[in-house]
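Novice: Would you mind keeping the following structure in view while I ask a few things?
Chains as they are written, first to last, in my numbering: chain S, 57 to 193; chain Y, 33 to 149.
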């Protein structure tokens, strides 16, 4: 005589969707870095504008407009990713934005790349790689 | 050049507020269904968006005065907060690799901040 025991329902984890969520955030942080570059270059044209002039500037100065549009796209990407992935993995991944900004600053604004900056970038990338695997128990 | 306490407060405040915003974004995101009303009537999503926006305004204000080598590392408070919130609110497991990952990111940001000075 045996009774069939039904195992308690484990929460369904879609590993493929979780992997996608990580990749979406990584791509998203690059968009944010580009957005910051655009806003930085557009903000020079804004000068000391008041609130209304700033709002009009965002709509009429092309790099500013493009920058804020990219921020909007990132918001949608983040919401999609958070739907399927873990917050404890995805949120710290946003730190990759620092890395993209540092790289783009050197490439576009020809800022100096100090050795310490390079070390920082390498360590953050290691951290992101470690986190990216952190979702698997 | 020294970093004003007000700048530190803005960056630290922005960090905590931003991590809370992400909690609301996730809570709202999982409630999105096939119908448009699940997005339009989603107050968690809206609150998450507003909070996240507020945190970025605080970051920009805070970072405009003071040393990046001091202010940069303070941003990493948000990553530590996010680990705490995800365990408390979503019962996520804090694995060793998550802790190591955030630890490395913290060290990396400190280096980046010092290197930008």
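The beta-carbon is built from N, C-alpha and C at its ideal position, and this holds for glycine as well. Being a predicted model, the structure only gives us computed values, none of them experimental.
Indicate the three-state DSSP secondary structure (helix, strand or coil) for residue 110 (chain S) in the structure shown.
Specialist: helix
Novice: Helix, strand or coil for residue 119 (chain S) per DSSP?
Specialist: helix
Novice: Can you find the residues in the same chain that come closer than 6 Å, C-beta to C-beta, to residue 167 (chain S), ignoring five residues on each side of it along the sequence?
Specialist: Excluding the 5 residues flanking it on each side, residue 167 (chain S) has same chain C-beta neighbours closer than 6 Å at 161, in chain order.
Novice: Could you name the residues of the same chain whose beta carbon sits closer than 7 Å to that of residue 146 (chain Y), not counting the 5 residues immediately before and after it, in chain order?
Specialist: Only 101 meet the Cβ criterion.
Novice: With 8 Å set as the bound, which would you pick, yes or no: does the beta-carbon of residue 134 (chain Y) sit closer than that to a beta-carbon of chain S?
Specialist: Yes, residue 134 (chain Y) counts as interfacial toward chain S.
Novice: Could you round the C-beta distance between residue 84 (chain S) and residue 130 (chain S) to whole angstroms and report it? I think they count as a contact, below 8 Å.
Specialist: Taking a contact as a CB-CB distance under 8 Å, the pair residue 84 (chain S) and residue 130 (chain S) counts as one, their CB atoms being some 5 Å apart.
Novice: What distance in whole Å lies between the Cβ atoms of residue 79 (chain S) and residue 119 (chain S), which are believed to be in contact at a cut-off of 8 Å?
Specialist: About 27 Å separates the two Cβ atoms, so there is no contact after all.
Novice: State the Cα-Cα distance for the pair residue 61 (chain Y) and residue 74 (chain Y), rounded to the nearest angstrom.
Specialist: 9 Å
Novice: Compare the C-beta of residue 182 (chain S) with all C-beta atoms of chain Y and state if any pair is closer than 8 Å.
Specialist: yes
Novice: Check for me: the alpha helix (DSSP H) holding residue 57 (chain Y) runs from which residue to which?
Specialist: 37-61
Novice: Note down, in chain order, each residue of its chain lying with its Cβ closer than 8 Å to the Cβ of residue 52 (chain Y), except the 5 sequence neighbours on either side.
Specialist: 83, 113, 117
Novice: Within 8 Å of any Cβ in chain S, is that where the Cβ of residue 115 (chain Y) sits?
Specialist: yes
Novice: What residue range does the alpha helix (DSSP H) around residue 138 (chain Y) cover?
Specialist: Counting along the chain, residue 138 (chain Y) sits inside the alpha helix (DSSP H) bounded by residues 128-148.
Novice: Evaluate residue 144 (chain S) with the Cβ neighbour count: other Cβ atoms within 10 Å of its Cβ, from every protein chain shown; 16 or more gives buried, anything less gives exposed.
Specialist: buried
Novice: Inspect the CB distances between the stretch 135-146 of chain Y and the stretch 168-185 of chain S and report whether three or more fall short of 8 Å.
Specialist: Yes: at least three Cβ pairs fall under 8 Å.
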